[in-house]
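For what it's worth, the working numbering labels the leading residue of the sequence shown as 1, then goes sequentially. No residue lacks a Cβ here, since even glycine has one placed at the ideal position from N, Cα and C. Bear in mind the structure is a predicted one, so any value in this text is a computation, not a measurement. A short worksheet on the structure shown next.
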Amino acid sequence: MDGYEAARQTREEEKYYGVRTPIIALTAHSSGSEVEKIFEAGMDYHMPKPANAVRLMKAINQIDSR
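See the structure below:
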């Protein structure tokens, strides 16, 4: 199982419980098609590597503001 499938399965399970778990995709890929695939799988945010505290806080704040 890859991250895309894990996100899809997580979204399916959430339907039973009425919750939404934020999913941040951390990838080395930043091409348009890869980013599109991330959001199609149900992930909430794409963070390209390398990760750092500033980028992580930006992702969390953006997800939290929705």
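Residues sharing a beta bridge with Tyr45, DSSP: The partner list for Tyr45 (beta bridge, DSSP) reads Ile24.
Can you tell which of Ala25, Asp64, Lys37 has the C-alpha that lies nearest to the C-alpha of Lys49? It is Ala25.
Would you identify the three-state DSSP class for Ala59, choosing helix, strand or coil? Ala59: helix per DSSP, three-state reduction.
What is the DSSP secondary structure of Arg81, counted as helix, strand or coil? Lying before the first or after the last residue shown, residue 81 is absent from the chain, which here runs from 1 to 66.
Ala51, DSSP secondary structure in three states: If DSSP states are grouped into helix, strand and coil, Ala51 belongs with coil.
Determine the direct distance from the alpha carbon of Arg66 to that of Ala59, and round the result to whole angstroms. Rounded to the nearest angstrom, the gap between the Cα atoms of Ala59 and Arg66 is 11 Å.
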